[in-house]
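For the sequence shown, this note's numbering gives the first residue as 6, with consecutive numbering after it. A short worksheet on the structure shown next.
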Amino acid sequence: MRDIILGLIGVGRIGVMHANNISALNGTLHSRGVNIQLRLTDVATDHAQNIAAGLNAGFLPSVEDLIESGLDGLVIATGTATHPDLIRAGVDAGIPVFCEKPVALNVTDALPTLDYIKHNNGVVQIGHQRRFDAGYLEAKREYQAGELGWIHSLRAVTCDMMPPPVEFLATSGGLFRDCSVHDFDILRWLTGREIVEVYAKGSNNGDPAIGFVGDVDTALAVVTFDDGTVGTVSASRYNGAGHDVRLEIQGSRRTIMVGLDEKSALRSPEASVTFPAGPPHQTFAERFDQAYRTEMAAFVELILGERENPCTPEDAVAASRVADAAQESLATGVPVKVDLG
6 MRDIILGLIG
16 VGRIGVMHAN
26 NISALNGTLH
36 SRGVNIQLRL
46 TDVATDHAQN
56 IAAGLNAGFL
66 PSVEDLIESG
76 LDGLVIATGT
86 ATHPDLIRAG
96 VDAGIPVFCE
106 KPVALNVTDA
116 LPTLDYIKHN
126 NGVVQIGHQR
136 RFDAGYLEAK
146 REYQAGELGW
156 IHSLRAVTCD
166 MMPPPVEFLA
176 TSGGLFRDCS
186 VHDFDILRWL
196 TGREIVEVYA
206 KGSNNGDPAI
216 GFVGDVDTAL
226 AVVTFDDGTV
236 GTVSASRYNG
246 AGHDVRLEIQ
256 GSRRTIMVGL
266 DEKSALRSPE
276 ASVTFPAGPP
286 HQTFAERFDQ
296 AYRTEMAAFV
306 ELILGERENP
316 CTPEDAVAAS
326 RVADAAQESL
336 ATGVPVKVDL
346 G
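Below, the structure written as structure tokens:
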């Protein structure tokens, strides 16, 4: 049995989810001769110790102690502003790193980290979990196989049921960087094409505090791809019907929609139409539960040398370039060309 020791920094909402998923990996990996051990740390010491105790994981009082304890991989689930320094720390330790998106608050801040990773031969996987979702994977297969014909429109939707705390939004970089960056990433990944221009508009009809910290609660971006194809990316913090994430791809032969299932957060007003009949998704963690599990399993496979990196820092920064352009367009009111680097 080979032991793989993973260190986790940050046990907030998404960190706890990753901790649980890491602990659950042994259910499938033991049959492959792999045993996962988890060690974690967080500045909220009491909370972190409680999480560690509940998962039979180790607790270390600092990031330095955690990294020096002898890890095979490092998982970063802290606030965005901390990502560059923590990625560098993992690279310096010579271990593969998994970091939640994005690499940094904006592209300007991310570029030195990309250079550091490259110059030090670092291995860093960024957390864009939609790449592991069964619906998006099938949509990519159909697209690449030509089953949809040529594509004339794409429509991506990401809507939270309720907004996160305003304190988080004040440091998130804006709705497009925090939320729609997932759509920008999946559009590039699925189509294999670059988004070259963005035109964005937004509004604030919910909590005025969101506007006070410089963000919007709802936004729409019209995107243009390098082959002239157009699409839209919409997002909202106030989708009371449930957590709604979908991607509609309209081709000359067929139209498909990722995320259209029995738990979709929508209803038809047409008589006799009862679909979808199930309760809607409530959170992103519920909507992408299996994708997050598969993503962490992929990180272990990356550590074991069994697969290529499924989401490189360069991939993530490319999506962030689009998000930066969208935020600029939102602020200026004019279309913005995407800096492709």
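Note that the Cβ used here is the ideal one computed from N, Cα and C, for glycine as well. Since this is a predicted model, take the numbers as computed values, not measurements.
| query | result |
| --- | --- |
| Sequence-distant residues of the same chain with beta carbon closer than 6 Å to G95, five excluded per side | L79 and V102 |
| Sequence-distant residues of its chain with Cβ nearer than 6 Å to S269 (five each side left out) | P281 |
| Unbroken alpha helix (DSSP H) run spanning L116, endpoints | V112 to H124 |
| Within 8 Å, strictly: CB atoms of R135 and F293 | yes |
| Boundaries (first-last residue) of the alpha helix (DSSP H) holding A49 | Here A49 belongs to no alpha helix (DSSP H), and DSSP marks it neither H nor E. |
| Top-ranked residue by Cα proximity to D344, from D70, L65 and S325 | S325 |
| Proximity of G20 and A82 at Cβ, strictly below 8 Å | yes |
| The stretch 187–197 touching the stretch 313–332, judged by at least three CB pairs closer than 8 Å | yes |
| D120 versus T87: straight-line alpha-carbon distance, rounded | 17 Å |
| For T279 and A303, the rounded distance between their alpha carbons | 37 Å |
| Expected contact under 8 Å - CB spacing of P66 and T85 to nearest Å | Between T85 and P66 the Cβ distance is about 23 Å, and since that is not below 8 Å, they are no contact. |
| The stretch 25–44 contacting the stretch 97–117, beta-carbon criterion three pairs below 8 Å | no |
| Stretch-stretch touch, CB-based, cutoff 8 Å, three pairs: the stretch 169–184 with the stretch 131–148 | no |
| Counted within 10 angstroms of its Cβ, other Cβ atoms place Q332 as buried (16 or more) or exposed | buried |
| Candidates S208, P168 and S277, of which the one nearest Q287 by Cα | P168 |
| Spatial neighbours of G247 in its chain, beta-carbon cut-off 7 Å, leaving aside the 5 residues before and after | M166, A270, P285, H286 and Q287 |
| C-alpha gap between I308 and N31, whole angstroms | 15 Å |
| Whole beta strand (DSSP E) elements within the stretch 225–271, 3-residue minimum | 235–241, 249–256 and 260–263 |
| Same chain only: Cβ atoms within 8 Å of A144, ignoring 5 sequence neighbours per side | L195, L252, I254, I261 and V263 |
| Cβ-based neighbour list, I191, same chain, cut-off 8 Å, excluding 5 preceding and 5 following | H133, R135, R136, Y141, A161 and L252 |
| Three-way DSSP call (helix, strand, coil) for N3 in this model | Given that the chain is displayed from residue 6 to residue 346, the structure contains no residue 3 and the question cannot be resolved. |
| D8 in three-state terms, based on DSSP | strand |
| Test: Q54 CB closer than 8 Å to a CB of chain D | Checking the listed chains, one finds no chain D in this structure; it contains a single protein chain. |
| Host beta strand (DSSP E) of K206 (start-end) | I200 to S208 |
| Residue range of the unbroken beta strand (DSSP E) whose run includes A161 | I156 to C164 |
| Per-residue burial, R44 [other beta carbons within 10 Å of its own, 16 or more giving buried] | buried |
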